[in-house]
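Note sheet for the following structure.
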Amino acid sequence: MSRLVPLTFALPLLGVALSLIAVRHRRVQRIINLACLTASLAVSVVLLVAVERDDHAVVARIGGWTSDIGITYVFDRLSGLLLVIAFTTMLIVLVFAVGQGAGDERSPSYHPSYLALAAGIAAAFSSGDLFHLFVAFEVLLMASYVLLTLHGEEGQVRSGTTYVIINSVESLLLLSAVGLVYAATGTLSLADLPAALAELDPGLRTGLQLLLLLAFGLKAAVFPLFFWLPDSYPTAPSPVSAVFAGLLTKVGVYALIRTQTLLFPDQHRLLLVVVAALTMLIGVLGAIAQGDVKRILSFHIVSQIGYMVMGLAVGGVAGVAATVFYLIHHIPTKTSLFLVEGIIEDSEGTGTLDRLSGLARRSGPLALLFAVPALSLAGLPPFSGFVGKLGLITAAVDRGQWVLVGVALLVSLLTLVSMAKIWLGAFWGRVDGATPPDRDPTTGGILRTRPTMGSATALLVGVSLAVAIAAGPLFALCQRTAEDLTTPGRYAEQVGEP
Amino acid sequence: MNLALVALIGVLFATGTYLMMHRTLTRIILGVGVMGNGVNLLIIATGGPPGSPPVIGELGTFADPVPQALVLTAIVIGFALQAFLLSLAWRNWTLDGNDEVEDDLSDRLMARRDAAESEAVPEVAPPDDDVAGEAPPPMPPDDGTGPGGPAS
Chain A
141 MSRLVPLTFA
151 LPLLGVALSL
161 IAVRHRRVQR
171 IINLACLTAS
181 LAVSVVLLVA
191 VERDDHAVVA
201 RIGGWTSDIG
211 ITYVFDRLSG
221 LLLVIAFTTM
231 LIVLVFAVGQ
241 GAGDERSPSY
251 HPSYLALAAG
261 IAAAFSSGDL
271 FHLFVAFEVL
281 LMASYVLLTL
291 HGEEGQVRSG
301 TTYVIINSVE
311 SLLLLSAVGL
321 VYAATGTLSL
331 ADLPAALAEL
341 DPGLRTGLQL
351 LLLLAFGLKA
361 AVFPLFFWLP
371 DSYPTAPSPV
381 SAVFAGLLTK
391 VGVYALIRTQ
401 TLLFPDQHRL
411 LLVVVAALTM
421 LIGVLGAIAQ
431 GDVKRILSFH
441 IVSQIGYMVM
451 GLAVGGVAGV
461 AATVFYLIHH
471 IPTKTSLFLV
481 EGIIEDSEGT
491 GTLDRLSGLA
501 RRSGPLALLF
511 AVPALSLAGL
521 PPFSGFVGKL
531 GLITAAVDRG
541 QWVLVGVALL
551 VSLLTLVSMA
561 KIWLGAFWGR
571 VDGATPPDRD
581 PTTGGILRTR
591 PTMGSATALL
601 VGVSLAVAIA
611 AGPLFALCQR
621 TAEDLTTPGR
631 YAEQVGEP
Chain B
133 MNLALVALIG
143 VLFATGTYLM
153 MHRTLTRIIL
163 GVGVMGNGVN
173 LLIIATGGPP
183 GSPPVIGELG
193 TFADPVPQAL
203 VLTAIVIGFA
213 LQAFLLSLAW
223 RNWTLDGNDE
233 VEDDLSDRLM
243 ARRDAAESEA
253 VPEVAPPDDD
263 VAGEAPPPMP
273 PDDGTGPGGP
283 AS
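Note that the protein sequences, when read in sequence, are chains A and B. The first sequence begins at 141 in my numbering and counts up one residue at a time. The second sequence begins at 133 in my numbering and counts up one residue at a time.
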């Protein structure tokens with residue numbers, strides 16, 4: 141079984157090589173990309189089932205070296221859950237991008253970069269030491285740089301520049317944190333670090349924790365460090381920004397979860413509480429101020445990250461379980477919102493609210509595809525967002541974190557307000573007479589002329605609904621994940637020595 | 133640990149940070165490079181006292197080989213990053229004729245709208261996609277010799 145673990149990212153890497161060879165044949169590139177992502181998804185599902193059956197993480201040691209000097213991959217429940225949902229989302233977005241027909245997918249570098257992104261994400265989720273986490277981050281960052289500036293147009297280069305510089309600084313911070321952790325403890329393996337860190341001077345431990353929080357917080361776009369995100373994501377084409385919105389910041393959140401639960405349990409919780417509350421509030425206030433669908437959605441990412449940090453700040457099994465569930469709910473939901481935005485932009489040529497009107501009258505299904513994930517993000521009862529928020533808020537009530545409860549409820553309301561802003565601006569109202577009729581020959585045919593894009597989006601909304609329907613067993617699984625994460629010594633015991 | 137090495141790391145970090153504070157992309161790239169070298173030296177310094185070779189020990193002592201392996205990886209990644217940043221700067225220069233890191237368009241539009249509203253000026257800039265904050269800077273002299281010139 142352990143031989144399968146490296147396949148989750150080796151298959152996409154192999155795909156990178158193959159699709160670079162097939163650089164002139166877009167059809168071949170598509171098949172390679174689809175095949176590699178499907179195979180990786182299948183491997184992840186098999187591994188997750190195995191982990192669940194044996195109640196033990198699958199550990200792969202490259203070259204048979206021990207975990208303190210070799211590269212170790214640890215595939216536990218958290219990695220499994222995130223990988224399955226990540227590959228599912230990437231696969232559906234790929235179908236959407238192919239269906240879009242124009243734009244990014246025409247570039248010969250699109251498919252290799254996309255696969256490299258998948259490989260980086262997969263390696264980050266299952267890496268067993270801090271330095272390898274850095275390397276996986278670099279792989280996915282490099283792929284995301286290319287995807288963001290694929291055509292080298294003016295807007296892309298401008299926003300790409302900000303993004304690349306911010307992430308270079310983040311990489312340097314992470315690398316120095318890795319160096320200092322090694323200097324202080326003499327190991328980088330996540331299995332050995334908890335014991336080694338516990339022996340350190342508390343001041344030194346705080347310093348290391350802050351440095352790691354700074355690096356991962358920049359990646360996850362938490363409150364004081366989020367400014368780059370709304371500037372860089374919206375200029376990318378929709379399928380690309382959908383993947384970025386769904387997955388890239390979540391890798392930062394994943395790293396925060398790992399380091400907080402494993403390396404620094406119950407340390408400096410107040411800082412996380414403050415960061416979580418401010419991230420939620422500032423993100424949603426920023427969203428309300430915007431007038432463009434993509435920018436509203438981008439600011440929402442920030443406020444949703446706040447919810448995930450909130451679960452982490454509350455802590456305990458309940459808090460961490462709610463965070464993991466929120467992550468799983470957020471990835472497909474947010475991505476599908478960006479896909480809907482992509483369809484709007486493809487059909488109307490703009491995402492500015494002032495210029496959109498009456499979309500609901502022209503395409504009822506499209507309005508439905510927007511409404512379901514939007515209500516889910518706001519946390520209304522039948523949808524998956526409700527379960528996640530309920531979990532977060534009960535965990536916070538149990539711990540007496542009343543401020544967080546209040547902020548979370550207020551932000552839910554404000555999320556609804558800003559979603560209503562998109563709804564009123566774009567979907568409601570009369571059909572704009574200025575829309576040239578040739579762009580849309582059959583009224584209500586926005587989706588009919590884009591069957592692949594429409595069905596890909598519908599499929600992703602379906603995934604997000606499935607998360608809601610399977611909320612019971614899924615939340616139980618998240619709880620077991622959280623128990624794994626919050627039990628000290630569990631990770632080290634699972635990794636063990638060969 | 134060697135004091136000179138520590139001082140050098142400090143100087144590299146300081147210089148890198150200073151350069152990164154600028155708005156011109158070339159200086160930022162230099163800053164990233166300088167600071168990246170500082171970080172690499174920092175990792176080397178974590179490997180313990182200098183002087184002993186990593187594999188065959190001198191007087192029976194081994195230097196820790198792990199940081200040296202780490203730093204090799206970090207250097208390679210740093211090179212790739214620098215190459216990408218340089219190509220980005222070059223692309224920026226061919227498009228704009230400068231290598232300034234600009235503000236986001238929507239941010240500028242929004243700031244201008246706020247200013248217009250507070251001064252109660254009725255003329256509010258329409259949120260048009262192609263409204264730039266200011267006139268585009270002139271292109272570099274098109275003599276075909278510079279990197280911005282036509283590829284001919």
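Ideal Cβ placement from N, Cα and C applies to all residues, glycine included. Just so we're clear, the structure is a prediction, and the values are computed from it rather than from any experiment.
Once DSSP output is grouped into helix, strand and coil, what is the label at residue i?
i, result
"A:Thr212", "strand"
"A:Asp406", "coil"
"A:Thr621", "helix"
"A:Asp494", "helix"
"B:Gly278", "Because the pLDDT of B:Gly278 is 40, which lies under 50, any placement of that residue in the model is unreliable, and the number read from its coordinates should be weighed accordingly. Three-state result, B:Gly278: coil."
"A:Glu485", "helix"
"A:Tyr373", "coil"
"B:Glu249", "helix"
"A:Ala535", "helix"
"B:Pro199", "helix"
"A:Gln541", "coil"
"A:Thr597", "helix"
"A:Arg164", "coil"
"A:Gly569", "coil"
"A:Arg590", "coil"
"A:Pro581", "Summary for A:Pro581: the model assigns pLDDT 47, below 50, so the residue's position carries little reliability; its value from the coordinates is reported in the next sentence. Looking at A:Pro581 - three-state DSSP - the assignment turns out to be coil, as it is neither helix nor strand."
Is there a C-beta anywhere in chain A that falls below 8 Å from the one on residue i?
i, result
"B:Pro199", "yes"
"B:Leu174", "yes"
"B:Thr147", "no"
"B:Glu234", "yes"
"B:Glu206", "Before going further, note that residue 206 of chain B is Ala rather than Glu in the sequence given. So yes, B:Ala206 belongs to the interface."
"B:Leu144", "no"
"B:Leu151", "no"
"B:Leu137", "no"
"B:Val166", "no"
"B:Leu157", "yes"
"B:Leu162", "no"
"B:Leu140", "no"
Pull up the DSSP beta-bridge partners for residue i, would you.
i, result
"A:Ala200", "A:Tyr213"
"B:Glu232", "B:Thr156"
"A:Ser138", "Residue numbering for chain A in the displayed model covers 141 to 638; residue 138 of chain A lies beyond these limits and cannot be assessed."
"A:Asp432", "A:Thr492"
Against chain B, with Cβ distances strictly below 8 Å, would residue i count as a contact?
i, result
"A:Val442", "no"
"A:Tyr631", "no"
"A:Gly260", "no"
"A:Val156", "no"
"A:Asp371", "yes"
"A:Cys306", "Here residue 306 of chain A turns out to be Ile, not Cys, going by the sequence shown. So, not an interface residue."
"A:Leu344", "no"
"A:Ser316", "yes"
"A:Ala323", "yes"
"A:Leu221", "no"
"A:Gly319", "yes"
"A:Gln619", "no"
**Request:** With 7 Å as the C-beta to C-beta threshold (strictly closer), list the residues of the stretch 210–229 of chain B near chain A in chain order.
**Result:** Taking 7 Å as the Cβ-Cβ cut-off against chain A, the residues of the stretch 210–229 of chain B that qualify are Ala212, Leu213, Phe216, Leu217, Leu220, Arg223, Asn224 and Leu227.
**Message:** Taking contact to mean 3 or more Cβ pairs, one atom from each stretch, closer than 8 Å, check whether the stretch 406–414 of chain A and the stretch 271–290 of chain A are in contact.
**Reply:** Result no; under three Cβ-Cβ pairs closer than 8 Å.
**Message:** Taking contact to mean 3 or more Cβ pairs, one atom from each stretch, closer than 8 Å, check whether the stretch 263–274 of chain A and the stretch 283–295 of chain A are in contact.
**Reply:** The stretch 263–274 of chain A, when compared against the stretch 283–295 of chain A, does not touch it at the 8 Å Cβ threshold.
**Request:** Please determine if the stretch 348–356 of chain A and the stretch 392–399 of chain A are in contact, where contact requires at least 3 C-beta pairs separated by less than 8 Å.
**Result:** Enough Cβ pairs lie closer than 8 Å, so yes.
**Prompt:** Counting pairs of Cβ atoms below 8 Å between the stretch 600–610 of chain A and the stretch 471–487 of chain A, do you hit three or more?
**Reply:** Contact between the stretch 600–610 of chain A and the stretch 471–487 of chain A is present, because at least three Cβ pairs lie under 8 Å.
**Message:** Tell me which residues of the stretch 281–301 of chain A have at least one Cβ-Cβ distance to chain B shorter than 9 Å, keeping chain order.
**Reply:** Residues Leu281, Met282, Tyr285, Val286, Thr289, Gly292, Glu293, Glu294, Gly295, Val297, Arg298, Ser299, Gly300 and Thr301.
**Message:** For the stretch 347–368 of chain A, list every residue whose C-beta sits within 9 Å of some C-beta in chain B, in sequence order.
**Reply:** Residues passing the 9 Å Cβ filter: none.
**Asked** Going along the chain, which residues of the stretch 411–436 of chain A sit with their C-beta nearer than 9 Å to a C-beta in chain B?
**Response** Taking 9 Å as the Cβ-Cβ cut-off against chain B, the residues of the stretch 411–436 of chain A that qualify are Ala429, Gln430, Gly431, Asp432 and Arg435.
**Request:** Using a Cβ-Cβ cut-off of less than 7 Å, give me the residues of the stretch 254–278 of chain A that come near chain B, in sequence order.
**Result:** Taking 7 Å as the Cβ-Cβ cut-off against chain B, the residues of the stretch 254–278 of chain A that qualify are Phe271, Val275 and Glu278.
**Item:** Segment contact flag, the stretch 485–493 of chain A with the stretch 137–151 of chain B, C-beta cutoff 8 Å, min 3 pairs
**Value:** Here the stretch 485–493 of chain A makes no contact with the stretch 137–151 of chain B; the two share fewer than three CB pairs at distances below 8 Å.
**Prompt:** Are the stretch 364–375 of chain A and the stretch 454–462 of chain A touching, with three or more C-beta to C-beta distances below 8 Å?
**Reply:** When Cβ pairs closer than 8 Å are counted between the two stretches, the stretch 364–375 of chain A is seen not to touch the stretch 454–462 of chain A, the count staying below three.
**Request:** Give a yes or no on contact between the stretch 150–163 of chain A and the stretch 177–184 of chain A, applying the rule of three or more CB pairs nearer than 8 Å.
**Result:** In this structure the stretch 150–163 of chain A touches the stretch 177–184 of chain A; the number of beta carbon pairs closer than 8 Å is three or more.
**Request:** Return the residues of the stretch 196–210 of chain A that lie within a Cβ-Cβ distance of less than 9 Å from chain B, sorted by chain order.
**Result:** Answer in chain order: Asp208 and Ile209.
**Asked** Quick one: any contact between the stretch 624–635 of chain A and the stretch 205–214 of chain B, if contact means 3 or more CB pairs under 8 Å?
**Response** Judged by Cβ distances under 8 Å, the stretch 624–635 of chain A makes no contact with the stretch 205–214 of chain B, as fewer than three pairs qualify.
**Message:** Please list, in chain order, the residues of the stretch 386–398 of chain A that have any C-beta partner in chain B closer than 7 Å.
**Reply:** Flagged: no residues at all.
**Prompt:** Taking one C-beta from the stretch 499–512 of chain A and one from the stretch 530–550 of chain A each time, how about it: are there three or more such pairs within less than 8 Å?
**Reply:** Too few Cβ pairs lie closer than 8 Å, so no.
**Asked** Do the stretch 224–242 of chain B and the stretch 299–306 of chain A touch if we need at least three Cβ pairs shorter than 8 Å?
**Response** Proximity of the stretch 224–242 of chain B to the stretch 299–306 of chain A meets the contact definition, three or more beta-carbon pairs being nearer than 8 Å.
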